[in-house]
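First the structure, in the form of structure tokens, and then the observations on it.
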Amino acid sequence: MGRLAKSLLRTFAHVFFNTKTVIVLLLLVIVTGAAATYFYFENQKTKEMLVNPAAASEREVKEVTAKVKNLMELPGNEAPTLITVVDKEKLKDQPFFSQAENGDKVLVYTEARKAILYRPSANKIVEVGPVEITPTATFKVAMYNGNGDPATLTAAENLLKEKVTNLEFTTKTNAKGVYQKTLVVDVNGDKKTEADQLAELLGGEVGPLPATEDKPDADFLIIVGK
248 MGRLAKSLLR TFAHVFFNTK TVIVLLLLVI VTGAAATYFY FENQKTKEML VNPAAASERE
308 VKEVTAKVKN LMELPGNEAP TLITVVDKEK LKDQPFFSQA ENGDKVLVYT EARKAILYRP
368 SANKIVEVGP VEITPTATFK VAMYNGNGDP ATLTAAENLL KEKVTNLEFT TKTNAKGVYQ
428 KTLVVDVNGD KKTEADQLAE LLGGEVGPLP ATEDKPDADF LIIVGK
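Counting the sequence shown from 1 gives a position; our numbering is that position plus 247.
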């Protein structure tokens, strides 16, 4: 092979492999950028939940309602209440939830007396049934601010007032300790199911009354964390 041919071959190989490198690097940049964008939006969603849980919950209701509306006709004269199935085993004895899975969403239309069980993972309606309106007991709730920011206590209270109708708010004061996560205390130890639901709604956890905190005259104590 002549010198000219060898030179051209080396030049072609150099350009070819450099081009492949550039393409690979571009693909890595695109993939990394897409992942970064996804996690950015997920992080923003998490931050929104922490800063303004009421607004974030309202957005989720609208998102789920829009998806369900594409699958069936919905009552048009009221905004639904959204419930998330977090423990299907506790609901399996109720016919409406016999096919439910954890993570399913329930849209409840009180005025229209209709409930819709929706599965986001499959984008399908699992069950539709009537809502039976029965008198419910009122629970007393005491709230302690465990993070030093009064706005978070107000946001948590507003979210509960929006989503739960049978709560009576009593004591609101500062906690003696500082808490990283919101804590829901079943003060008398006989309302575990309701405590679990409150904790799920607030993105917190259920636990015993901390030794440093005063026991309130209430059914539940909610210590709002950071």
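Glycine included, each C-beta is placed from N, C-alpha and C at the ideal position.
Values in this document were obtained by computation on a predicted structure and should not be read as measured data.
Any idea what DSSP makes of Asn392, helix, strand or coil? strand
Can you find the residues in the same chain that come closer than 6 Å, C-beta to C-beta, to Ala359, ignoring five residues on each side of it along the sequence? Pro322
Where does the unbroken alpha helix (DSSP H) through Thr399 begin, and where does it stop? Pro397 to Lys410
Would you say Phe467 faces chain C, with C-beta separation under 9 Å as the test? Here there is only one protein chain, and chain C is not present.
Three-state secondary structure (DSSP) at Arg360? coil
According to DSSP, is Glu452 part of a helix, a strand, or is it coil? strand
C-beta atoms of Leu400 and Met390 nearer than 9 Å: yes
Residue burial classification, Asp464 (beta-carbon count within 10 angstroms, cutoff 16): exposed
Beta-carbon spacing of Lys462, Phe416 below 9 Å: no
Let me know if Asp437 comes out buried or exposed under the rule of 16 or more other beta-carbons within 10 Å of its beta-carbon. exposed
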